[in-house]
Every structure is written in C-alpha cells, then in structure tokens.
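Residue numbers (the working numbering), protein chains in the order written: chain A, 68 to 387; chain B, 68 to 387; chain C, 68 to 387. Report on one structure; see the data block that follows.
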Amino acid sequence: MRRFTSIADIVSGPGLASALTDALTLKAEPWRYPEVGRRKTLGLLFMNPSLRTRMSTQKAATLLGMDTMVLNAGSDSWTLETRDGVIMEGGATEHIKEAAAVMGQYCDILGIRTFAGLQDRDADYNERILESFIRYAGVPVVSLESATRHPLQSFADLITIETLKRKPRPKVVLTWAPHPKALPQAVANSFSEWMMQADVDFIITHPDGYDLAPSFTQGAVVTHDQRAAFEGADFIYAKNWSSYTDYGQILSKDMDWTVTAEKMRLTNDARFMHCLPVRRNMIVADEVLDGPWSVVIEQAANRVVSAQTMLLHMLRELAR
Amino acid sequence: MRRFTSIADIVSGPGLASALTDALTLKAEPWRYPEVGRRKTLGLLFMNPSLRTRMSTQKAATLLGMDTMVLNAGSDSWTLETRDGVIMEGGATEHIKEAAAVMGQYCDILGIRTFAGLQDRDADYNERILESFIRYAGVPVVSLESATRHPLQSFADLITIETLKRKPRPKVVLTWAPHPKALPQAVANSFSEWMMQADVDFIITHPDGYDLAPSFTQGAVVTHDQRAAFEGADFIYAKNWSSYTDYGQILSKDMDWTVTAEKMRLTNDARFMHCLPVRRNMIVADEVLDGPWSVVIEQAANRVVSAQTMLLHMLRELAR
Amino acid sequence: MRRFTSIADIVSGPGLASALTDALTLKAEPWRYPEVGRRKTLGLLFMNPSLRTRMSTQKAATLLGMDTMVLNAGSDSWTLETRDGVIMEGGATEHIKEAAAVMGQYCDILGIRTFAGLQDRDADYNERILESFIRYAGVPVVSLESATRHPLQSFADLITIETLKRKPRPKVVLTWAPHPKALPQAVANSFSEWMMQADVDFIITHPDGYDLAPSFTQGAVVTHDQRAAFEGADFIYAKNWSSYTDYGQILSKDMDWTVTAEKMRLTNDARFMHCLPVRRNMIVADEVLDGPWSVVIEQAANRVVSAQTMLLHMLRELAR
Numbered sequence: 068m069r070r071f072t073s074i075a076d077i078v079s080g081p082g083l084a085s086a087l088t089d090a091l092t093l094k095a096e097p098w099r100y101p102e103v104g105r106r107k108t109l110g111l112l113f114m115n116p117s118l119r120t121r122m123s124t125q126k127a128a129t130l131l132g133m134d135t136m137v138l139n140a141g142s143d144s145w146t147l148e149t150r151d152g153v154i155m156e157g158g159a160t161e162h163i164k165e166a167a168a169v170m171g172q173y174c175d176i177l178g179i180r181t182f183a184g185l186q187d188r189d190a191d192y193n194e195r196i197l198e199s200f201i202r203y204a205g206v207p208v209v210s211l212e213s214a215t216r217h218p219l220q221s222f223a224d225l226i227t228i229e230t231l232k233r234k235p236r237p238k239v240v241l242t243w244a245p246h247p248k249a250l251p252q253a254v255a256n257s258f259s260e261w262m263m264q265a266d267v268d269f270i271i272t273h274p275d276g277y278d279l280a281p282s283f284t285q286g287a288v289v290t291h292d293q294r295a296a297f298e299g300a301d302f303i304y305a306k307n308w309s310s311y312t313d314y315g316q317i318l319s320k321d322m323d324w325t326v327t328a329e330k331m332r333l334t335n336d337a338r339f340m341h342c343l344p345v346r347r348n349m350i351v352a353d354e355v356l357d358g359p360w361s362v363v364i365e366q367a368a369n370r371v372v373s374a375q376t377m378l379l380h381m382l383r384e385l386a387r
Numbered sequence: 068m069r070r071f072t073s074i075a076d077i078v079s080g081p082g083l084a085s086a087l088t089d090a091l092t093l094k095a096e097p098w099r100y101p102e103v104g105r106r107k108t109l110g111l112l113f114m115n116p117s118l119r120t121r122m123s124t125q126k127a128a129t130l131l132g133m134d135t136m137v138l139n140a141g142s143d144s145w146t147l148e149t150r151d152g153v154i155m156e157g158g159a160t161e162h163i164k165e166a167a168a169v170m171g172q173y174c175d176i177l178g179i180r181t182f183a184g185l186q187d188r189d190a191d192y193n194e195r196i197l198e199s200f201i202r203y204a205g206v207p208v209v210s211l212e213s214a215t216r217h218p219l220q221s222f223a224d225l226i227t228i229e230t231l232k233r234k235p236r237p238k239v240v241l242t243w244a245p246h247p248k249a250l251p252q253a254v255a256n257s258f259s260e261w262m263m264q265a266d267v268d269f270i271i272t273h274p275d276g277y278d279l280a281p282s283f284t285q286g287a288v289v290t291h292d293q294r295a296a297f298e299g300a301d302f303i304y305a306k307n308w309s310s311y312t313d314y315g316q317i318l319s320k321d322m323d324w325t326v327t328a329e330k331m332r333l334t335n336d337a338r339f340m341h342c343l344p345v346r347r348n349m350i351v352a353d354e355v356l357d358g359p360w361s362v363v364i365e366q367a368a369n370r371v372v373s374a375q376t377m378l379l380h381m382l383r384e385l386a387r
Numbered sequence: 068m069r070r071f072t073s074i075a076d077i078v079s080g081p082g083l084a085s086a087l088t089d090a091l092t093l094k095a096e097p098w099r100y101p102e103v104g105r106r107k108t109l110g111l112l113f114m115n116p117s118l119r120t121r122m123s124t125q126k127a128a129t130l131l132g133m134d135t136m137v138l139n140a141g142s143d144s145w146t147l148e149t150r151d152g153v154i155m156e157g158g159a160t161e162h163i164k165e166a167a168a169v170m171g172q173y174c175d176i177l178g179i180r181t182f183a184g185l186q187d188r189d190a191d192y193n194e195r196i197l198e199s200f201i202r203y204a205g206v207p208v209v210s211l212e213s214a215t216r217h218p219l220q221s222f223a224d225l226i227t228i229e230t231l232k233r234k235p236r237p238k239v240v241l242t243w244a245p246h247p248k249a250l251p252q253a254v255a256n257s258f259s260e261w262m263m264q265a266d267v268d269f270i271i272t273h274p275d276g277y278d279l280a281p282s283f284t285q286g287a288v289v290t291h292d293q294r295a296a297f298e299g300a301d302f303i304y305a306k307n308w309s310s311y312t313d314y315g316q317i318l319s320k321d322m323d324w325t326v327t328a329e330k331m332r333l334t335n336d337a338r339f340m341h342c343l344p345v346r347r348n349m350i351v352a353d354e355v356l357d358g359p360w361s362v363v364i365e366q367a368a369n370r371v372v373s374a375q376t377m378l379l380h381m382l383r384e385l386a387r
C-alpha cells in the first residue's frame with residue numbers, strides 16, 4: 068500500500084480478509100517481525116492532540132524495528148498553511164507542500180493527524196490537508212485520522228468485533244451521544260464505512276438532523292429510536308458528532324441519548340465500544356464504562372495491532 | 068516492586084541497603100545490564116514541565132535497553148479529568164481512568180509526573196491523581212514526582228550524600244529558602260522521609276508557619292534558627308515550599324533565608340544541595356552555587372542512577 | 068571538534084575540504100557508520116520551533132547509531148534565564164548554567180537552538196545564550212542555529228551547491244526578500260561567511276538599510292540592484308532578514324523584491340535556494356518554488372548530511 072487513508076486502500080491492496088488474518092497473527096505474536104522495519108524511519112505529524120494514536124503507532128513501529136520521529140505542528144514546529152496560492156503574510160510560517168516534501172526526505176513512511184475544521188464542508192470532505200500532504204510527501208502515508216475518516220481506529224474496531232463476537236453475524240449499533248463541543252464526523256463515518264463491508268448487521272441511531280454523509284452510510288439502516296436500535300444488539304458503539312447537513316453545528320445535547328446501564332440491558336448483553344477519549348456521564352454513564360459491558364480498553368489495545376498491520380504491509384511493499 | 072512512590076516501597080521491597088548497593092554498582096558501571104529491558108517499553112506521562120526527570124529517566128531506560136514513549140498531557144495529548152463521578156462537560160477531554168488503562172496497554176512500566184494543586188490539601192495528600200493512575204494502569208508505576216513526594220529525587224539525594232560524605236554519620240540540614248511562587252511540599256516531605264531512615268543527623272530549619280506535615284517529619288529536630296542549624300553541618304539542602312498548615316500560602320519571601328557564602332562558612336565545609344531548578348539569588352546566592360560547596364550538578368547526575376536502579380528492580384520482577 | 072558553531076570550527080578542525088569530502092561520502096552512503104555512535108546520547112534543546120533541524124539532526128544521529136533526547140524549553144521543560152547575576156524572581160524558572168550543566172551529565176553531545184531576541188544587538192552578536200550554554204555544558208556542543216549563525220544550514224547549502232553546480236566557479240547570489248515579521252540575520256550572516264570561503268563568485272543584493280554586519284560580509288560585493296545581481300547567476304539564495312544597523316527593524320516589505328519567474332529568467336538557469344520555512348508569494352512566487360528552478364527540498368535533505376558529518380567528527384574525537 069502506498070497510502071492507508073480508508074478501507075478502500077485495503078480492499079484494493081491486500082484485501083480485508085487478508086489484512087484481518089495478519090492482524091490476528093500480530094495480536095497473538097507482536098514481536099513476530101522485529102527486523103522488517105530495520106533502518107526505516109516513521110515520521111508522525113500531529114496537527115491536533117493525540118494519546119492513543121501517538122502511542123499505539125509508535126509502539127507498532129517499535130515492534131517492527133522502525134525508528135520513529137514525532138512532530139507536533141504549532142508547538143514543536145511551525146504552523147502550517149494549507150491553502151493554495153495565498154500570499155503567506157499571516158500567522159502560518161510554512162506551507163504544507165514544503166513540510167510534507169521535507170518530511171518525506173527524512174522518513175520512509177509518514178503519518179499525519181488532522182481534524183476537520185468544521186467551517187467549510189467542502190474543504191473538509193475533499194480532505195484538502197491530507198491529500199495535499201500525500202501529494203507532496205513522496206513516500207507512503209498513513210492517515211492518523213483525517214477530516215472525514217479515522218481508518219486505524221476503524222480497523223482496530225473491526226479487530227475488536229472479530230475477536231469478541233459470540234455469533235457469526237453480530238448486530239452492531241452505532242449510536243450518537245451528547246457532547247459539550249462540536250466534533251468531527253470522522254470516527255462515525257469511518258466506522259460506518261467499515262461495518263458496511265464487514266459480516267455484521269449494522270444499524271445507526273441518532274437524533275433528527277444528525278444524518279451522516281450519504282457516501283458513508285448508503286444502504287445502512289438508520290433510526291431515531293435509540294431504544295429500538297439497542298434491542299438484541301451485540302455491540303454498542305457510541306460516538307458524538309456534529310451535524311453534517313447543518314455543517315459543524317451542535318443541534319442537541321440531549322442527555323436522553325447518553326448510554327446507560329438501563330439501556331444496555333435492552334441488548335443481547337452487548338459489548339460497549341468507544342474510540343476514546345470519552346466524556347464520562349455525557350456519552351456514557353460511569354456504570355457502563357466501569358461495568359462488565361465495556362471493552363474500550365481492549366479496543367484501544369487493538370490500535371497497536373491495527374497500526375502494526377498497516378505498517379507491515381507498507382514496509383513489505385517498500386522492500387520490493 | 069509493583070510501584071515506586073515512596074521509600075516505603077523500597078523498604079518493603081528490596082530493602083534500602085540493597086537498593087543503595089545496586090545504585091552504587093550502576094553508578095560505577097551504567098551499561099552493566101544493557102539487555103534487561105529489551106523489548107520493554109517505558110511510558111512517561113508529564114502533567115507538568117520537567118527537565119531532569121524527563122531526561123534522566125529516559126537515559127536510565129536507554130541504559131537498560133528499554134524503549135521510551137513520552138507524553139505531555141495538555142499539549143501532546145488531552146487534558147485529564149481526575150475527579151470521580153463528574154459529568155465531563157468542561158475542559159477536560161479524558162478521564163485519568165481511561166488514560167492510565169490505555170497507557171498500560173501500550174507500556175510495560177509507566178511513570179507519571181504530577182504536582183500538588185495547592186488548593187485542596189486533602190486531595191493533594193491523598194495523592195488522588197497518582198493513586199488513581201496506579202489503580203487503573205494495570206502495570207507497575209513509578210512516581211516521577213507526585214503531590215506530596217519526589218522519591219526518585221530523594222533516592223538520588225541519598226546516593227549523593229552516601230558518595231560524598233566524609234564521616235560515617237554526617238549532619239544534614241534541610242533549610243527553607245525564599246521563592247517568588249507557591250511551591251509544593253513534595254521535595255521537602257520526601258527528603259525528610261528518606262533522611263529519617265538514613266544514617267545521618269537530620270535537622271530542619273524554616274520560618275514560623277512552615278512546618279511540614281507531621282507524618283513526614285515526626286521525631287525530626289526542627290528549628291527556626293537557620294544559623295544555629297548550619298553550624299557544623301556536612302550537607303545543606305535548600306528548598307522552598309509553601310505552607311502546609313496555611314495550605315498553599317506564601318507566608319514569607321524573607322531574603323534573610325537565602326543561602327549565602329557567609330552562612331556556608333558556618334558549616335563544616337558543607338556540600339550545598341538543591342533538587343533544581345533553582346532560583347539564583349532567591350534560594351541561594353550565585354557565590355554558593357558557583358563556588359566549591361555546590362554539588363547540585365552531581366546530584367542531578369545521580370537522578371539517572373536513581374531511576375535506573377528502580378527500573379532495574381521493576382524489570383526483574385516483570386521477568387519472574 | 069569540541070564545538071560546531073561556525074565555519075571557523077571546521078577550518079580549525081578537520082578543514083573545509085575534508086569535511087566536504089566526508090559529507091559527499093555520507094550523502095552517497097548514509098548507513099556507512101551505523102555503530103560509531105553506539106551508546107552515545109545526543110541531547111537537543113530547542114528554545115524555538117523547528118522542523119528541519121529537529122528531524123534532520125535526529126535522523127543523522129540515528130544513522131550513526133546514537134540515541135537522541137529532545138527537550139523543548141518552555142513547554143516540555145522550564146523557561147530559562149540567560150542573564151548573569153540576576154535575582155530570579157520573575158518568570159524564568161531555571162538558569163541556563165544549570166540547564167546546560169545538567170544536560171551535559173545526561174548526554175555525550177548537546178545541540179542547542181536559539182534565536183536572536185532582536186532587541187539588544189550586543190547580546191545577540193555576543194551570542195550570550197549559545198556561549199553560556201557551551202561554557203557550562205561540559206560536553207561538545209553543536210549549534211542548531213544561534214542568534215547570528217546557522218552553521219548546519221550553511222554547510223548543507225554548501226553541499227547543495229557543490230553537488231548541483233555546473234561550472235567550477237558558479238555565481239551565487241544572496242538576495243533579501245520581503246517577510247511580514249522581523250527575522251534574525253543568522254541565516255544570511257552564516258551563508259555569507261561560508262560563501263566567502265567557498266570557490267564561488269558571491270554577491271549580495273538587498274534594499275537600502277539592510278547591510279549585514281561587516282564582520283560577516285567584509286569584501287563581499289553588495290548591490291541594491293537585484294536585477295543586475297541576478298544576471299548570469301547560477302544560484303539564487305533568497306532570505307529575509309531585519310535590519311542590522313537599525314537593529315531588528317523592518318524597513319521594507321517591498322514586494323518588488325519577491326523572487327519571480329521573470330527574474331529567474333535573467334539568470335543562467337539558476338537553481339533557487341531557501342533554507343525553509345518559506346513564505347510563499349512573499350519571499351518567492353509559487354511559480355518559482357513549484358517550477359524547475361527550485362532545489363529547496365534537496366537542500367533540506369542535505370541537512371541530514373550536514374548534521375551527520377558534524378556528529379561523526381565529534382564522535383570520533385570523543386572516541387580518542
């Protein structure tokens with residue numbers, strides 16, 4: 068793979084089934100390929116804070132014998148301009164064209180983390196920053212979350228479901244939940260995109276006005292009745308996102324959508340999932356997160372497996 | 068050791084004498100065990116700035132062959148909530164419960180650095196943040212300074228005294244000194260706790276109102292007469308702390324308490340110690356810090372030895 | 068070399084021709100000496116943001132088998148006092164004397180990055196911070212850019228010119244260009260100093276009032292006629308700097324000085340150089356930077372070669 072930015076890169080590359088098999092192998096035996104990344108450098112550019120992505124990707128690189136260099140745009144380094152053709156007379160000191168190309172000189176694989184600005188839907192959904200970075204980097208690029216997707220998270224989510232499911236085709240529910248701030252749709256988009264290619268019954272539930280972009284959910288079952296959605300579910304995946312149609316707006320902070328123990332009891336003893344960080348008692352009640360349903364920590368652990376699998380495929384292709 | 072947060076963890080573990088012997092061995096031969104940490108990852112979480120702790124602990128890990136991942140809460144990563152049961156609708160994006168548990172999935176040993184808030188004495192002295200982190204981390208934890216103690220510093224201080232003492236039982240003085248800001252009692256508490264178990268004559272001197280918590284100093288000789296305390300001293304350990312009784316308050320910035328050359332001449336040619344960073348000409352005059360008395364740089368160098376010894380014990384226990 | 072802060076350290080050390088030969092060898096074979104830095108630690112202290120210097124120096128250290136520890140003053144660590152004799156009652160928590168000496172205990176070679184304050188010309192041109200750091204570090208120090216010079220950049224620039232020149236003695240033009248903020252003279256000073264010792268015809272062009280410090284440009288051809296300077300040039304090196312005589316002031320933002328394609332056509336098909344980060348359409352038009360003239364990315368790539376050569380020399384001297 069020359070890039071890993073969405074499930075499409077896996078499908079057109081190793082194939083989803085093959086990637087999943089590799090992932091389960093690495094989960095069982097993390098140190099299986101300690102030399103494959105020898106003398107290769109992974110560069111990670113963060114334009115936003117990160118705990119899991121930062122640490123799990125570093126750890127994945129270490130397991131493969133790679134060296135890692137981490138750069139925080141704006142604190143470690145310069146603030147980046149991402150628009151084309153502008154006169155750079157403002158706060159941004161460097162254009163992403165140069166930043167990407169230079170990092171590509173120092174690293175064999177690059178990762179970039181960027182968030183949706185939530186101001187300009189077209190700019191976000193065209194993935195201007197990510198695509199610009201890929202275009203100028205000159206080396207393979209892995210998305211560490213972009214404006215509209217979080218593929219390393221979604222792959223970890225799939226690994227989690229595959230290893231914890233108790234029936235061949237589990238029922239998976241993605242539920243919106245309240246949050247104090249406007250968040251991107253990336254995790255929800257990405258999770259939907261992956262679930263629609265997985266062997267699961269997938270249903271999305273959210274309040275009125277929170278429909279995700281059609282390109283990510285076409286054909287998915289959507290309901291505004293959260294309780295009906297929960298019935299018989301095997302996995303509850305909670306996430307907040309801001310409105311796609313009324314772009315970037317918070318239309319509701321309705322705490323009736325918080326995931327509670329009472330709601331979990333409607334399910335088929337479902338596993339509770341969230342990508343973290345999670346707002347306790349907004350997204351989900353303490354009783355759920357601290358109770359037997361929660362698999363969020365194992366899910367976070369699978370971030371290492373997810374990243375390691377993708378890096379392994381990229382390293383193998385570099386070695387050809 | 069499953070945790071290193073105070074001298075009690077050494078006493079109930081390898082024993083202080085044994086730890087000190089190991090430390091002196093490692094000081095003489097830093098690369099003695101370059102493989103013991105192979106394929107083990109140390110994660111360091113900083114909730115406050117740090118130079119010595121950050122670098123010395125990384126160096127100690129490198130000497131043992133460990134990989135290190137460093138995370139700055141609030142800049143690299145999310146701001147953390149530390150209270151239980153709250154509705155997380157404010158600035159904090161992640162609860163320390165999840166942060167600790169997730170880091171524990173990625174790392175074999177964790178270190179955490181946190182300061183006293185100096186607002187709520189009970190919260191600080193119950194070590195809410197440190198204990199919460201330990202409870203949820205699921206892996207051994209080393210304190211990189213907590214609200215009430217700085218054990219890696221105190222162990223380095225003991226190593227410094229052991230290697231530089233010129234008599235079997237030296238006189239060691241802990242003196243308060245002025246500082247422009249309100250500082251925690253952690254270093255002073257911790258140093259007292261260690262000195263009271265060491266083979267030294269220990270005396271504390273500070274202005275009225277600056278008594279440390281009784282649990283750390285019970286049985287220690289305390290005087291408000293700094294000059295009397297200095298007489299015949301072999302080691303002068305200067306430190307500022309805010310009031311424990313009038314919690315977190317600055318009761319004095321009296322520059323008569325600054326350590327000067329004239330006061331050092333009252334001593335038995337004492338060594339001058341400070342944990343650093345030090346406010347020159349507030350805590351101590353340039354003439355002392357730049358003069359023959361100062362051993363603050365060697366003391367800082369011993370931070371590597373201190374951290375390496377503790378990591379070595381933890382790694383050995385992991386290997387069992 | 069015990070220090071690398073200017074071309075003088077190379078001239079009085081290995082000699083410029085020898086350093087250049089080593090550089091070309093390392094450029095061709097980066098992994099030639101993967102063991103020379105084994106068990107040696109490089110410490111990098113940044114008092115300002117950095118992308119190229121940070122990453123290229125880390126990469127150079129990795130290529131030589133060194134471990135690296137990076138510290139950002141003010142965010143990772145404490146803010147540093149650099150003046151002598153002051154009562155430290157303000158914002159700075161630690162004196163550079165202690166910071167340097169402590170880092171010297173943890174590292175075998177140190178790098179420091181600092182900028183001109185542009186307030187006090189004497190302080191900047193006396194290199195107070197850099198020289199203080201070197202004085203107290205106790206280990207070899209490499210400048211990662213200082214108030215008045217950027218030697219790793221200049222050496223990379225020389226490598227770039229040497230490898231891309233199409234005649235034995237090319238014409239090299241340093242041209243001032245507009246920028247929205249007041250910048251140090253360091254890169255321009257340093258480039259001048261190096262070019263005057265290189266086998267090139269060197270000419271400087273800038274608006275009235277932008278003469279560089281005489282010590283860096285004595286004997287150089289200087290003109291205020293940018294177009295005349297560009298005629299027949301083989302290399303155009305663009306850079307903004309604030310006034311040296313009217314110290315730290317912006318005397319002009321005249322966009323007539325921006326490097327455009329039309330101006331590049333006056334040259335002998337010159338290569339366009341800039342140290343980056345570059346303000347697009349202020350310093351240089353998109354058409355130049357994205358056109359066939361630009362070698363800024365290769366120039367940035369040579370930063371690894373430059374740093375690796377200097378570290379190699381320092382490591383060899385440590386091994387003696």
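A virtual CB, placed ideally from N, CA and C, is assigned to each residue, including glycine.
If you measure from the beta carbon of residue 143 of chain C to each beta carbon in chain B, is any gap under 8 Å? By 1-based counting over the third sequence, the position of residue 143 of chain C is 76. Chain B, which has a Cβ nearer than 8 Å to the Cβ of residue 143 of chain C, makes this yes.
Tell me the residue span of the alpha helix (DSSP H) that contains residue 261 of chain A. One-based indexing of the first sequence puts residue 261 of chain A at position 194. Residues 253-262.
Nearest-angstrom Cα separation, counted from residue 118 of chain C out to residue 93 of chain A: Walking along the first sequence from the start, residue 93 of chain A turns up at place 26. Walking along the third sequence from the start, residue 118 of chain C turns up at place 51. Looking at the two C-alpha atoms, the distance is approximately 33 Å.
Applying a beta-carbon distance threshold of less than 7 Å, which residues of chain B neighbour residue 172 of chain C? The residue given as residue 172 of chain C occupies position 105 in the third sequence. Within 7 Å Cβ-Cβ: 364, 367, 368.
Identify which residue in A:314, A:259, A:286 has its Cα closest to the Cα of residue 305 of chain A. The sequence position of residue 305 of chain A within the first sequence is 238, counting from 1. It is A:259.
Under 8 Å, Cβ to Cβ, is there at least one residue of chain C near residue 348 of chain B? Here residue 348 of chain B refers to the residue found at position 281 of the second sequence. Taking Cβ atoms only, chain C reaches closer than 8 Å to residue 348 of chain B, which makes this a yes.
If you follow the alpha helix (DSSP H) that residue 297 of chain C is in, where does it begin and where does it stop? Along the third sequence, read from residue 1 onward, the residue named residue 297 of chain C stands at position 230. Taken as a continuous stretch (DSSP letters only), the alpha helix (DSSP H) holding residue 297 of chain C covers 293-297.
Could you tell me the alpha carbon to alpha carbon distance between residue 354 of chain C and residue 327 of chain C, rounded to whole angstroms? For the purposes of this step, residue 354 of chain C is identified with residue 287 of the third sequence, where counting begins at 1. For the purposes of this step, residue 327 of chain C is identified with residue 260 of the third sequence, where counting begins at 1. If you take the alpha carbons of residue 354 of chain C and residue 327 of chain C, they lie about 7 Å apart.
Between residue 263 of chain A and residue 68 of chain A, is the Cβ-Cβ spacing less than 8 Å? On the first sequence, residue 263 of chain A is found 196 positions in, with the first residue counted as 1. On the first sequence, residue 68 of chain A is found 1 positions in, with the first residue counted as 1. No, the pair does not count as a contact, with Cβ atoms beyond the cut-off.
Taking a Cβ distance cut-off of 8 Å, strictly less, list which residues of the segment 108-127 of chain B are near chain A, in chain order. 108, 110
Nearest-angstrom Cα separation, counted from residue 308 of chain B out to residue 127 of chain A: Numbered from 1 along the first sequence, position 60 holds the residue referred to as residue 127 of chain A. Numbered from 1 along the second sequence, position 241 holds the residue referred to as residue 308 of chain B. If you take the alpha carbons of residue 127 of chain A and residue 308 of chain B, they lie about 42 Å apart.
Proximity below 8 Å, CB of residue 379 of chain B to CB of residue 209 of chain B: What you label residue 379 of chain B is simply residue 312 of the second sequence in a count that begins at 1. What you label residue 209 of chain B is simply residue 142 of the second sequence in a count that begins at 1. Cβ distance not < 8 Å, so residue 379 of chain B and residue 209 of chain B don't count as in contact.
Please confirm if residue 376 of chain C has its CB atom under 8 Å from at least one CB of chain A. Here residue 376 of chain C is taken as the residue at index 309 of the third sequence, counted from 1. No - not a single Cβ of chain A is within 8 Å of the one on residue 376 of chain C.
Rounding to the nearest angstrom, what Cα-Cα distance links residue 272 of chain A and residue 253 of chain A in this structure? Sequence index remark: in the first sequence, residue 272 of chain A carries index 205 (1-based). Sequence index remark: in the first sequence, residue 253 of chain A carries index 186 (1-based). Their backbone Cα atoms lie some 16 Å apart in a straight line.
Is the CB-CB distance between residue 331 of chain B and residue 245 of chain B below 8 Å? What you label residue 331 of chain B is simply residue 264 of the second sequence in a count that begins at 1. What you label residue 245 of chain B is simply residue 178 of the second sequence in a count that begins at 1. For residue 331 of chain B and residue 245 of chain B, no; Cβs fall outside 8 Å.
Could you tell me which residues DSSP pairs with residue 269 of chain C in its beta bridges? Numbered from its first residue, the third sequence carries residue 269 of chain C at position 202. Answer is C:239, bridged to residue 269 of chain C.
Checking contacts by CB at 8 Å: is residue 129 of chain C closer than that to chain A? Counting from one through the third sequence, the residue named residue 129 of chain C turns up at place 62. Yes, residue 129 of chain C lies at the interface with chain A (some Cβ there is under 8 Å from its Cβ).
In the DSSP assignment, what are the bridge partners of residue 306 of chain B? Along the second sequence, one-based indexing puts residue 306 of chain B at 239. DSSP lists B:243 as partners of residue 306 of chain B.
For residue 353 of chain B, would you say it is in contact with chain C, using Cβ-to-Cβ distances shorter than 8 Å as the test? Taking the first residue of the second sequence as position 1, residue 353 of chain B is located at position 286. Closer than 8 Å: yes.
Going by DSSP in three states, residue 73 of chain B sits in which element: helix, strand or coil? Translated into positions along the second sequence, residue 73 of chain B becomes position 6. Residue 73 of chain B falls in the coil class under three-state DSSP.
Beta-carbon separation of residue 372 of chain B and residue 90 of chain B under 8 Å? One-based indexing of the second sequence puts residue 372 of chain B at position 305. One-based indexing of the second sequence puts residue 90 of chain B at position 23. Against a cut-off of 8 Å, the Cβ pair of residue 90 of chain B and residue 372 of chain B comes out as a contact.
Which bits of chain C does residue 98 of chain B rub up against, with CB to CB less than 7 Å? Here the question's residue 98 of chain B lines up with position 31 in the second sequence. By Cβ distance, chain C contributes 106.
Tell me, please, whether the segment 219-227 of chain C touches the segment 141-161 of chain C by the rule of three or more beta-carbon pairs shorter than 8 Å. no
Does the beta carbon of residue 345 of chain C sit closer than 8 Å to a beta carbon anywhere in chain A? On the third sequence, position 278 is the one that residue 345 of chain C refers to. Answer yes: the Cβ-Cβ gap between residue 345 of chain C and chain A drops below 8 Å somewhere.
Go ahead and label residue 95 of chain B buried or exposed: buried means 16 or more other beta carbons lie within 10 angstroms of its beta carbon, across all protein chains shown. Within the second sequence, the letter at position 28 stands for residue 95 of chain B. By the neighbour-count rule (16 or more Cβ atoms within 10 Å), residue 95 of chain B is not buried but exposed.
Which one or two residues does DSSP pair with residue 108 of chain A in a beta bridge? As a first step, residue 108 of chain A must be located in the first sequence, where it is residue number 41. Residue 108 of chain A is bridged to A:134.
When you compare only the Cα positions, how much space is there between residue 31 of chain C and residue 270 of chain C? Here chain C covers residues 68 to 387 and nothing more, so residue 31 of chain C does not appear.
Show which residues of chain A have a CB atom less than 7 Å away from the CB atom of residue 155 of chain B. What you label residue 155 of chain B is simply residue 88 of the second sequence in a count that begins at 1. The answer, in chain order, is 346, 347, 348, 349.
Run down chain A in chain order and give the residues with a C-beta less than 7 Å from the C-beta of residue 359 of chain C. The residue labelled residue 359 of chain C in the question sits at position 292 within the third sequence. Going along chain A, no residue has its Cβ under 7 Å from residue 359 of chain C, so there is no contact; the nearest lies around 15 Å.
Grab me the residues of residue 283 of chain B's own chain with a C-beta within less than 6 Å of its C-beta, minus the 5 sequence neighbours each way, in chain order. Within the second sequence, residue 283 of chain B is the residue found at index 216, counting from 1. Cβ neighbours of residue 283 of chain B beyond the five flanking positions: 256, 259, 260.
Taking C-alpha atoms, which residue in C:183, C:176, C:186 lies nearest to residue 205 of chain C? Counted from its first residue, the third sequence places residue 205 of chain C at position 138. It is C:176.
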